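Structure first, commentary second.
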Amino acid sequence: MSRIFNVYCDESCHLENDGQSAMVLGAVWCPLDKRSEIVRRLREIKQKHGLAPNFEVKWTKVSQSKLAFYRDLLDYFFDDDDLHFRGLVIPDKSQLNHEAFGQSHDDWYYKMYFVMLKTIFEPQNGYRVYIDIKDTLGHEKISKLHDVLCNNTYDYSKKIIHRVQRIHSHEAELLQVADLLIGALSYLHRGLTSSQAKLALIERIRQRSGYKLTHNTLLRESKFNLMVWCSRGGW
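If you read the sequence shown in the working numbering, its first letter stands for residue 194, the second for the next number, and so on.
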């Protein structure tokens, strides 16, 4: 039976010359008809820890004082069968050579978004893709990304990928969950170690996922799917 899924995308250290080695793209997705129930549970977890229902979950806010809250949030993600994550890690952007491949950084960026999302899409279902408005994709780039995704899935009439649009992270709790998981991967792959709370959450993800987070998962892994991209200079 056909279902509609919401896909919430975020990214970390995605600019070409931002001085950061690793870049991460990722998405959390769930069935549209389960979204309200999931949001309710996320708000219950916030209230359990004395936080306002509209408290914005962010990797940059992780601290020792909120460690128990963020750990509960991760456990809920792994316990709920309707929640899924796909991450794409580019370990070293300095290895990129766009000129040799006749492409711009934007061209490559679209390709990476497609590589990240393609394992999520199934032709019998419909998808609504939401991207954090803080990211570099303006309206024209969003439209181009929608076209790239549809063309590469032979979805010329947009029956599979219904929409690609920008939203503010404070408007979508599930986008905030994506920020948390992507932030953890970025922290790990940049070799950062200054926050014990963040290291504890990374270890929790390792325990719950069963993966080291430094290598690819199986392609059909549906809960916590990870690809660590091996650069060949451009593609």
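Each residue gets a CB set at the ideal place from its N, CA and C atoms; glycine is no exception. Being a predicted model, the structure only gives us computed values, none of them experimental.
Query - Sufficient close CB pairs (3 or more, under 8 Å) joining the region 364-382 to the region 269-289 - result: Taking 8 Å as the limit for Cβ pairs, the verdict is that the region 269-289 does touch the region 364-382.
**Report entry** Alpha-carbon to alpha-carbon, L276 and V370
**Finding:** As a first step, residue 370 is located in the sequence shown; it is residue number 177 there, counting from the start. As a first step, residue 276 is located in the sequence shown; it is residue number 83 there, counting from the start. Straight-line Cα distance between these residues: approximately 10 Å.
Requested in this report: Would you mind giving the Cβ-Cβ distance between V250 and L266, rounded to the nearest angstrom? I have them listed as a contact below 8 Å.
Outcome: Here residue 250 refers to the residue found at position 57 when the sequence shown is read from its first residue. Here residue 266 refers to the residue found at position 73 when the sequence shown is read from its first residue. L266 and V250 do touch by the CB rule: their CB atoms are close to 7 Å apart, below 8 Å.
Query - Where M309 falls, given that 16 or more other Cβ within 10 Å makes a residue buried - result: The count along the sequence shown starts at 1 and reaches residue 309 at position 116. With at least 16 other beta carbons inside 10 angstroms of its own, M309 counts as buried.
**Report entry** R401 - DSSP class collapsed to helix/strand/coil
**Finding:** Counted from its first residue, the sequence shown places residue 401 at position 208. Annotated three-state conformation of R401 is helix, per DSSP.
Query raised in the report: Could you check where the beta strand (DSSP E) with L310 kicks off and where it finishes?
Result: Position 117 of the sequence shown, counted from the first residue, corresponds to residue 310. Run containing L310: none in the beta strand (DSSP E); it sits in the alpha helix (DSSP H), H298 to L310.
Report task. Could you tell me whether the Cβ atoms of L392 and L406 are closer together than 8 Å? Result -> One-based indexing of the sequence shown puts residue 392 at position 199. One-based indexing of the sequence shown puts residue 406 at position 213. Not in contact: L392 and L406 (Cβ atoms no closer than 8 Å).
Query raised in the report: Grouping DSSP H, G and I as helix and E and B as strand, with all else coil, what is E204?
Result: Here the question's residue 204 lines up with position 11 in the sequence shown. Secondary structure at E204: strand, using DSSP grouped into helix, strand and coil.
Report task. Could you tell me which uninterrupted beta strand (DSSP E) segments, each at least 3 residues in length, are contained entirely in the region 334-370, listed from first to last along the chain? Result -> For secondary structure counted as the beta strand (DSSP E) over 3 or more consecutive residues, the region 334-370 holds these complete runs in sequence order: 354-360.
Query - Straight-line Cα distance separating I398 from D390 - result: Residue 390 sits at position 197 when you count from the first residue of the sequence shown. Residue 398 sits at position 205 when you count from the first residue of the sequence shown. Sequence inspection shows Ala at residue 390; the Asp mentioned does not correspond to that position. Straight across, the Cα-Cα distance linking A390 with I398 is about 13 Å.
Query raised in the report: Is R138 helix, strand or coil by DSSP?
Result: What the structure shows of the chain is the stretch from 194 to 428, and residue 138 is not part of that stretch, so it cannot be assessed.
Report task. Jot down the residue ranges of each uninterrupted alpha helix (DSSP H) in the region 245-271, minimum 4 residues, whole runs only, in chain order. Result -> Runs of alpha helix (DSSP H) with 4 or more residues, each lying fully within the region 245-271, are absent.
Query - Rounded C-alpha distance that separates I197 from S214 - result: Taking the sequence shown and counting its residues from 1, the one referred to as residue 197 is at position 4. Taking the sequence shown and counting its residues from 1, the one referred to as residue 214 is at position 21. S214 has its alpha-carbon roughly 36 Å from the corresponding atom of I197.
Report task. From the DSSP output, read off the bridge partner residues of G219. Result -> Your numbering for residue 219 matches position 26 in the sequence shown. According to DSSP, which records beta bridges pairwise, G219 is partnered with D203 and G280.
Query - Alpha-carbon spacing of S415 relative to K334, whole angstroms - result: Residue 415 sits at position 222 when you count from the first residue of the sequence shown. Residue 334 sits at position 141 when you count from the first residue of the sequence shown. One C-alpha to the other measures close to 28 Å.
Query - The beta strand (DSSP E) enclosing L235, as first and last residue numbers - result: Along the sequence shown, one-based indexing puts residue 235 at 42. For L235, there is no enclosing beta strand (DSSP E); the enclosing alpha helix (DSSP H) covers residues R228 to K241.
Query raised in the report: Under a three-way DSSP split, which group does W428 fall into?
Result: Stepping through the sequence shown from its first residue, residue 428 is reached at position 235. Bear in mind that a pLDDT of 40 at W428, under 50, signals an unreliable position, so the number given afterwards is only what the model happens to contain. Here W428 sits in coil by DSSP.
Requested in this report: Please name the residue in H355, K227 and F314 whose C-alpha comes closest to that of L412.
Outcome: Start at 1 with the first residue of the sequence shown, and residue 412 comes out as number 219. Between L412 and the set H355, K227 and F314, the nearest pair of CA atoms involves F314.
Report task. On the DSSP bridge assignment, give the partners of M420 in chain order. Result -> Along the sequence shown, read from residue 1 onward, the residue named residue 420 stands at position 227. M420 pairs with L281.
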